[in-house]
Amino acid sequence: IQSDGKNDLNIQARVGKGLGAVKQITQMMSDLCLGPYYFEAFSVLRSSLLLSSLISNSESWVGLTKKQISALESVDEELFRNVFSIDQSKAHSKTPLELFYLETGSIPIRYILMSRRLNFLWYLIHQNEDSLLSNFFRAQCEDPTKGDWVSQVKEDMKVLKIEMTFESIKTFSKDAFKELVKKHVKTAALKGLQEIQETHSKSKKL
């Protein structure tokens with residue numbers, strides 16, 4: 069994070085790393101003979117190479133703007149258009165982006181960011197009460213400010229329709245809460261993508 073509290077330089081650096089990962093994955097997909105496993109391999113490479121470069125440690129980022137999230141998602145879009153290429157040319161620029169996610173069962177980055185923050189929330193809630201992280205977390209809970217991390221997590225829970233208190237989350241095991249978040253993320257992402265699909269004449273009938 070910058071001294072002024074902004075994420076611009078961090079996002080710029082991540083986008084650069086992400087574009088490098090896109091080139092690497094595209095080249096690998098082109099060189100390997102994957103046959104019917106083409107899109108399965110794409111899914112694995114996206115998770116292991118692209119997302120690890122693009123949004124590692126993102127669970128602790130504060131104050132991300134819609135513009136910054138869009139910048140991260142534009143890198144993901146570049147990868148999808150390369151993977152759905154025909155004769156070495158990218159998928160058409162007017163192909164609706166939501167169809168790439170729906171066809172491959174992939175989760176858009178904005179929802180992955182939510183899931184990472186919520187799983188980090190479980191970690192914070194289970195910290196020793198005397199730890200620095202725990203003190204920092206409680207301070208934000210007791211005296212929230214607009215755009216802080218706890219406020220963002222509460223907004224994520226609203227979007228994902230997770231109607232729970234922090235105290236009730238504390239009763240969940242790590243695996244049980246992770247599975248709960250995963251389920252709500254999938255449901256919210258599918259609904260969000262289908263709502264976008266309905267606005268596009270080229271995709272709403274598919």
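In this note's numbering, the protein residues as written are 69 to 274. Note that beta-carbon positions come from the ideal geometry of N, C-alpha and C, so glycine has one too. No experiment lies behind these values; they were computed from the predicted model shown.
Neighbourhood of residue i by C-beta, 6 Å cutoff - its chain only, sequence neighbours within 5 removed
i, result
"R184", "S126, E127"
"D144", "I177"
"V83", "A139, V143"
"F245", "W190"
Inter-residue Cα distance where the pair is residue i and residue j
i, j, result
"E231", "M225", "7 Å"
"L201", "C209", "12 Å"
"K85", "Q92", "11 Å"
"H252", "V221", "14 Å"
"C101", "S153", "16 Å"
"D72", "E141", "24 Å"
Same chain, Cβ closer than 8 Å to residue i, neighbours up to 5 away in sequence not counted
i, result
"L274", "L167, Q265"
Residues near residue i by beta carbon distance below 7 Å, same chain, minus five either side
i, result
"P212", "V218, S219"
"H43", "Examination of residue 43 is not possible in this model, given that the chain is present from 69 through 274 alone."
"M96", "L113"
Beta-carbon proximity check, residue i vs residue j, cutoff 8 Å
i, j, result
"W190", "I237", "yes"
"L229", "A256", "First, the amino acid is wrong: residue 229 is Lys here, not Leu. In contact: K229 and A256 (Cβ atoms closer than 8 Å)."
"L165", "L118", "no"
"S124", "A89", "no"
"I175", "F234", "no"
"S111", "T172", "yes"
Go through the stretch 218–253 residue by residue and report every complete run of the beta strand (DSSP E) that reaches 3 residues or more, in order. Complete beta strand (DSSP E) runs here, min 3: none at all.
Length at least 4, wholly inside the stretch 129–171: the alpha helix (DSSP H) runs in chain order: As far as the stretch 129–171 is concerned, its whole alpha helix (DSSP H) runs of at least 4 residues are 134–151.
Which complete alpha helix (DSSP H) runs does the stretch 163–216 hold, if anything under 4 residues is left out? Whole alpha helix (DSSP H) segments, 4+ residues: 165–172, 177–193, 200–210.
Would you mind listing the alpha helix (DSSP H) stretches within the stretch 82–128 that are 4+ residues and don't spill past its ends, in chain order? For the stretch 82–128, the full-length alpha helix (DSSP H) segments reaching 4 residues or more read 106–113, 119–122 along the chain.
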